[in-house]
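Residue numbers (our numbering): 3 to 423.
All residues carry an ideal CB built from backbone N, CA and C; glycine is no exception.
Below is one structure; the comments refer to it alone.
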């Protein structure tokens, strides 16, 4: 691991030894097989082997470069100076740790490990393809052999040249079958499989070195970050508890202050209510005294003005009685005149009735004035008497109106009687 090109050197040494040993022993068969194989499956197997061998060599160089980066990273401990997938792996790990996350480096290595193992599995697949191609060449050679045997059997005793051609075809088919199996087994099952195994060992050493460096570098950082995060969290929790306790103390103090303020406010409010009640009682007492005085004054005024009012009402009653007597006398005279005038003519009767009606109306108006005056003086008894008298006068006016209507109906009747006479 300490040598930068150790995987490549190991691969080259192993490849040279294996290829040299097998080719030195089997070169005669290899060259003969390439010439004798008429199906060309051996050539295809050889080309596929060279492709797989180149992929194995490329994997060796890749592992060597990653090991070189790992050694440099182990010395510098700075992923920014290292390129490739390994540098990216450590950069991502450190970025997560800087963000405060606690990581497991083996989980981070899983994608890197799978990437390498997938490349090695592809080389192993090529090895299996070579073996399968050898078996397919065997089947093709057997088919050619069967075809040659059929030609020989058909040409026996008939065509010597066709029989010889069939024998040659049979031999070529057998050679193709055996040589393709030989090439597939040697190149795919032995040489390429050995190279693939060497690549897997180199990749395993690289992954082990990465995990070792991660255990010595990334894991302690992650644990330290986790502890720092836990300590910071505990500190934050302690600070939160302290703030909450301080806040609860302030709330308690505010509650006590509010309780004291409430007591003071209730006392002041009680004093204000008592003062307001006392002042209101004094004001009500003063108002009641003033009202009593005003009522007494009104009572005195009423008592003092009762006598003139009564005299005025008596005078009004006397005046009203005189007016009524005068109107009744006029009514009597009018009624007497009605009888006299009926015979003289109906026109004077109409005028007399109108005059009586006007007199009654004036009497009613005078009575209404008396009623209004009585209402203003607030004398209920006088008001009732005046109202009764006004009602009687209205009845008299209505009676006179009926008499006038009767008279108006009598006029046409008398005209008809005169015409009859």
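Beta-carbon within less than 6 Å of residue i's beta-carbon, same chain only, minus the 5 sequence neighbours each way: which residues are those?
{"i": "residue 341", "result": "Any reading at residue 341 is ruled out, since the residue's pLDDT is 49, under 50, leaving its predicted position unreliable."}
{"i": "residue 224", "result": "99, 104, 105"}
{"i": "residue 220", "result": "95, 107"}
{"i": "residue 20", "result": "193, 196"}
Would you call the CB atoms of residue i and residue j closer than 8 Å?
{"i": "residue 44", "j": "residue 172", "result": "no"}
{"i": "residue 137", "j": "residue 175", "result": "no"}
{"i": "residue 1", "j": "residue 129", "result": "Missing from the structure shown is residue 1; the chain here goes from 3 to 423 and no further."}
{"i": "residue 208", "j": "residue 68", "result": "yes"}
{"i": "residue 62", "j": "residue 29", "result": "no"}
{"i": "residue 86", "j": "residue 194", "result": "no"}
{"i": "residue 168", "j": "residue 150", "result": "yes"}
{"i": "residue 16", "j": "residue 200", "result": "yes"}
Just curious, the alpha helix (DSSP H) that residue i is in, first and last residue?
{"i": "residue 196", "result": "194–215"}
{"i": "residue 29", "result": "8–38"}
{"i": "residue 115", "result": "107–157"}
{"i": "residue 70", "result": "43–78"}
{"i": "residue 186", "result": "From DSSP, residue 186 is part of no alpha helix (DSSP H); its letter is neither H nor E."}
{"i": "residue 93", "result": "86–100"}
Residue i: which of the options sits nearest, CA to CA?
{"i": "residue 113", "options": "104, 132, 90", "result": "90"}
{"i": "residue 39", "options": "226, 185, 206", "result": "185"}
{"i": "residue 51", "options": "262, 197, 28", "result": "197"}
{"i": "residue 428", "options": "203, 157, 188, 134", "result": "This structure cannot settle anything about residue 428, because the visible part of the chain is limited to 3 through 423."}
{"i": "residue 148", "options": "179, 133, 159, 135", "result": "179"}
{"i": "residue 58", "options": "261, 263, 10, 131", "result": "10"}
{"i": "residue 152", "options": "140, 139, 166, 84", "result": "166"}
{"i": "residue 41", "options": "277, 193, 260, 141", "result": "141"}
{"i": "residue 33", "options": "281, 177, 272", "result": "177"}
{"i": "residue 132", "options": "161, 20, 46", "result": "46"}
{"i": "residue 170", "options": "272, 159, 146", "result": "146"}
{"i": "residue 8", "options": "117, 205, 111, 275", "result": "205"}
Leaving out the 5 sequence neighbours to the left and right, which residues in its chain are closer than 8 Å to residue i when beta-carbon positions are compared?
{"i": "residue 48", "result": "36, 185, 189"}
{"i": "residue 88", "result": "68, 71, 72, 75, 114, 212"}
{"i": "residue 255", "result": "none"}
{"i": "residue 217", "result": "107"}
Between which residues of its own chain and residue i is the CB-CB distance below 7 Å, once the five residues before and five after are set aside?
{"i": "residue 126", "result": "198"}
{"i": "residue 154", "result": "165, 168, 169, 172"}
Could you tell me whether any non-hydrogen atom of the ligand ZN is closer than 7 Å to the CB of residue i?
{"i": "residue 268", "result": "You won't find the ligand ZN in this model; it holds no ligand whatsoever."}
Counting contacts by CB-CB distance shorter than 8 Å, is residue i in contact with chain C?
{"i": "residue 97", "result": "In summary, chain C is missing from the structure at hand, where a single protein chain is found."}
| message | For the stretch 15–29 against the stretch 104–124, do three or more pairs of beta-carbon atoms, one drawn from each stretch, fall closer than 8 Å, so that the two count as touching? | response | No, the stretch 15–29 is not in contact with the stretch 104–124.
| Touching by the beta-carbon criterion (3+ pairs, under 8 Å), the stretch 56–73 and the stretch 205–215 | Counting Cβ pairs under 8 Å, three or more are found: they touch.
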